[in-house]
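Quick mapping for you: the protein sequence lines, in order, are chains A and B. Add 44 to the 1-based position in the first sequence for our numbering, that's all there is to it. Add 55 to the 1-based position in the second sequence for our numbering, that's all there is to it.
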Amino acid sequence: DTAVSQTPKYLVTQMGNDKSIKCEQNLGHDTMYWYKQDSKKFLKIMFSYNNKELIINETVPNRFSPKSPDKAHLNLHINSLELGDSAVYFCASSPSFKYEQYFGPGTRLTVT
Amino acid sequence: GEDVEQSLFLSVREGDSSVINCTYTDSSSTYLYWYKQEPGAGLQLLTYIFSNMDMKQDQRLTVLLNKKDKHLSLRIADTQTGDSAIYFCAEKGQAGTALIFGKGTTLSVSS
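And the structure:
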């Protein structure tokens with residue numbers, strides 16, 4: 045199936061831990077994104093990469109570090125997890141800056 | 056700054072038409088989008104409209120754009136229970152890359 049996939053789908057962890065979320069797209073797109081959806085369903089951009097280069101870095105704590113090993117992958121590493129990091133994290137991709145974005149299924153992160 | 060506003064809830068009966076409204080602030084937006092999110096699922100791109108268009112129709116979906124008033128609407132004809140979901144309006148931000156989302160309209164369809 046051609047799609048944007050994320051792993052894991054659910055992640056439950058304790059405060060202070062470090063965790064990673066992986067994203068892969070097989071659509072041949074150049075641009076990838078991470079969005080955060082909070083408990084009120086509000087969606088906000090975190091990062092955007094184009095051809096493995098960081099393009100957008102919104103006001104996100106530096107505990108969050110994206111890494112793009114190649115155009116098809118954009119991973120999100122989070123250090124020293126806090127309760128407020130609990131949210132659903134969505135990866136997305138688009139053919140370039142200009143075009144529509146396709147979203148992955150989301151990773152529900154719960155920090156206890 | 057950029058902002059996208061939507062009403063939070065809409066309740067309709069099966070078979071009726073649903074109209075979800077959205078207003079945005081960035082007059083330089085080139086594309087405007089509608090996404091659908093079913094419970095526990097990701098965001099599904101429903102449709103989008105280029106800013107030089109007034110209307111776009113795709114089967115049961117009709118998008119209307121009033122660029123002067125910065126108003127976007129999504130009409131769903133013959134609404135079905137399977138249309139129950141959260142609908143997000145989004146515009147491209149000034150940086151031209153990230154999407155700026157509204158808070159989403161929860162559509163509830165009763166039979």
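Glycine is no exception: its CB is placed at the ideal position from the N, C-alpha and C atoms.
Counted as a single uninterrupted DSSP element, the beta strand (DSSP E) harbouring Y142 (chain B) occupies residues 140-147. Chain-ordered, the chain A residues with CB closer than 7 Å to the CB of G159 (chain B) read K85.
Note that the C-beta distance between L127 (chain A) and V155 (chain A) is below 9 Å. Annotation for F108 (chain A): I122 place their beta carbon closer than 6 Å to its own, counting only its chain and skipping 5 residues before and after. In the displayed model, L116 (chain B) falls within a strand according to three-state DSSP. DSSP, reduced to helix, strand and coil, places T156 (chain A) outside both helices and strands of the structure shown, so it counts as coil. Inter-segment contact for the segment 121-141 of chain B and the segment 55-67 of chain A is absent: fewer than three beta-carbon pairs are separated by less than 8 Å. For F143 (chain B), the chain A residues whose Cβ falls inside 9 Å of its Cβ are K85, L87, in order along the chain.
About 11 Å separates the CB atoms of L116 (chain B) and I104 (chain B); that is not less than 8 Å, and the two are not in contact.
Straight across, the Cα-Cα distance linking D133 (chain B) with L120 (chain A) is about 41 Å.
Buried is the label assigned to L87 (chain A), since at least 16 other Cβ atoms lie within 10 Å of its Cβ. With distances taken between CA atoms, H117 (chain A) lies nearest to A:I65 out of A:V56, A:I65, A:Y54, A:K53.
Among the CB atoms of chain A, none fall inside 9 Å of the CB of F64 (chain B).
Judged by their CB atoms, Q99 (chain B) and T160 (chain B) are not nearer to each other than the 9 Å cut-off. Take N95 (chain A), set aside five residues on each side of it, and the residues of its chain with a beta-carbon closer than 7 Å to its own are D74, K115, in chain order. Any Cβ of chain B closer than 9 Å to the Cβ of P149 (chain A) would place that residue at the interface, and such an atom is present.
Between A131 (chain A) and Q145 (chain A), the gap from beta carbon to beta carbon reaches 9 Å or more. The alpha-carbon of C67 (chain A) is positioned some 11 Å away from that of P113 (chain A).
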